[in-house]
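Protein chains: 2
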Amino acid sequence: LARAALTLYAEQGFEQTTAAEIARAAGLTERTFFRHFADKREVLFYGTDAVRDLMMRAVADAPRTAGAMDTVGLVLRSVGTVIQEGGDLARVRAAVVSATPELRERELVKLAEFAEAMAGALRARGVAGPAASLAAETGLAVYKVAFARWASEPGQSEFPLVLQECLAELRDVLAGRQPSPA
Amino acid sequence: LARAALTLYAEQGFEQTTAAEIARAAGLTERTFFRHFADKREVLFYGTDAVRDLMMRAVADAPRTAGAMDTVGLVLRSVGTVIQEGGDLARVRAAVVSATPELRERELVKLAEFAEAMAGALRARGVAGPAASLAAETGLAVYKVAFARWASEPGQSEFPLVLQECLAELRDVLAGRQPSPA
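The following block contains the structure:
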């Protein structure tokens, strides 16, 4: 159902696609669609809870000795692996989201909530408040930049690797070093 | 007009306040209100263009030798100074914005646009694409965390100083150093 929706959104536009069409494309009834999703927007965000759970698990699994930013790095690797395994799903989804202002707004809200959840999880590990927020918000910044790079060069590189490169590059940028060519 | 609106939003809530009430509190007619603002939401975002101009000017004024993150630091100082000069305006505004989901969304969109504008300005200075985006997005992260800290302790410290402290702390966090107590 989700893949049928994504394909239609990408082909004919999010606004132009109806729940009935999605259901038909998936060989199901409209009623079945609405048993799974509150509306057609929901299809693009149903994975949010799973990603948040994944992030929280990655924080919990990080070694006790890992610093705030290393923990965030482990979270990024974990999320990056799942996205990479989804093939072109995340890329297609991102293209649909970025084409519609309403969806872009919702995506920004989701990402901000992720950062808050991550900061909370870091504080729960004993990281001081400001350091926890800084590490979490910065992790989000790295995610955004890495995703844009990965999505712009399909099939070129693994997403977890691009995330790692971006994090290393940010360390260079903050240390005032010339970033190494990626 | 803007101050009258902020006061009413803070006192009785954004949803509950009408344009007519704001105009009355400022000793003006409702028609005058709508000559200045498209709607009552606009009152909270009319400074957006001025802040963007300020950011662009700070980037243009940065010394040629300044690295990407140092340039972002100068932008933060410039924006921080203006916000500090506004006294409690920014704090009251932030409280109103954070109390209403629709306004929070618009604020996130505005901040994301700021990051894009800043990344563009850095690229125009010759900073490589990923480094420009990383520095800009990270500057935004620092801004968010610093603002929350500054807003939570009214009158305690100057906003440009809190911004500088947060940037220094982020450098520590990324270098894996224990952050110095703020």
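Residue numbers (the working numbering), protein chains in the order written: chain H, 68 to 249; chain V, 68 to 249. Glycine included, each C-beta is placed from N, C-alpha and C at the ideal position.
Proximity of the region 219-228 of chain H to the region 224-233 of chain V falls short of the contact definition, fewer than three beta-carbon pairs being nearer than 8 Å. Close partners of Met-136/H in chain V (Cβ separation under 7 Å): Val-240, Leu-241, Gly-243.
Within chain H, no C-beta atom comes less than 8 Å from the C-beta of Val-126/V; the nearest is roughly 15 Å away.
Within the same chain, Val-110 come within 6 Å of Phe-104/H by CB-CB distance, once the 5 residues on both sides are set aside.
For secondary structure counted as the alpha helix (DSSP H) over 4 or more consecutive residues, the region 131-159 of chain H holds these complete runs in sequence order: 135-152. Using beta-carbon distances, Leu-201/V counts as an interface residue toward chain H, with a partner under 7 Å.
Using a Cβ distance threshold of 7 Å, Glu-97/V and Ala-90/V count as a contacting pair. Below 8 Å, enough C-beta pairs join the region 178-193 of chain V and the region 123-142 of chain V to call them touching: three or more. If you ignore the 5 residues before and after Val-164/V, its C-beta comes within less than 7 Å of the C-beta of Leu-111, Leu-170, Arg-171, Glu-174, all in its own chain and listed in chain order.
Here DSSP, grouped into helix, strand and coil, assigns Asp-116/H to helix. The closest CA to that of Glu-232/V, considering only Pro-221/V, Gly-243/V, Trp-217/V, is found on Trp-217/V. Residues of chain H whose Cβ lies closer than 9 Å to the Cβ of Glu-152/V do not exist; the shortest such Cβ separation is about 24 Å.
When the beta-carbon positions are compared, Gly-134/V and Gly-243/H come within less than 7 Å of each other. Shortest Cα-Cα distance from Thr-205/H to any of Leu-237/H, Ala-125/H, Ala-69/H involves Leu-237/H. Chain-order list of chain V residues neighbouring Glu-180/H: empty, with the shortest C-beta distance near 10 Å, by a criterion of under 7 Å. Below the 7 Å Cβ cutoff, chain V contributes Ala-208, Lys-211, Val-212 as neighbours of Glu-204/H, in chain order. Boundaries of the alpha helix (DSSP H) harbouring Arg-91/V: 86-92, taken from the DSSP string. The beta carbon of Val-209/V sits closer than 7 Å to those of Leu-143, Leu-230, Cys-233, Leu-234, Leu-237, all from its chain and outside the five residues before and after it, given in chain order. Contact between Leu-178/H and Leu-207/H holds: their C-beta atoms lie close to 6 Å from each other, under 8 Å. Secondary structure remark: continuous beta strand (DSSP E) runs of at least 3 residues inside the region 159-208 of chain H: none found. Residues of the region 165-177 of chain H with a C-beta atom less than 9 Å from some C-beta of chain V are Pro-168, Arg-171, Glu-172, Arg-173, Leu-175, Val-176, listed in chain order. Distance check between Gly-94/H and each of Glu-183/H, Arg-124/H, Ala-72/H places Ala-72/H closest, using alpha-carbon atoms only. The beta carbons of Ala-127/H and Thr-138/H sit no closer together than 7 Å.
Burial state of Thr-132/H is exposed, judged by a 10 Å Cβ sphere holding fewer than 16 other Cβ atoms. Contact between Pro-197/H and Val-212/V holds: CB atoms are separated by about 6 Å, below the 8 Å threshold. The straight-line gap separating the alpha-carbon atoms of Met-123/H and Asp-106/V is approximately 40 Å. Val-176/V and Pro-168/H have their C-alpha atoms roughly 9 Å apart.
Between the C-alpha atoms of Thr-84/H and Tyr-76/V there is a straight-line separation of about 38 Å.
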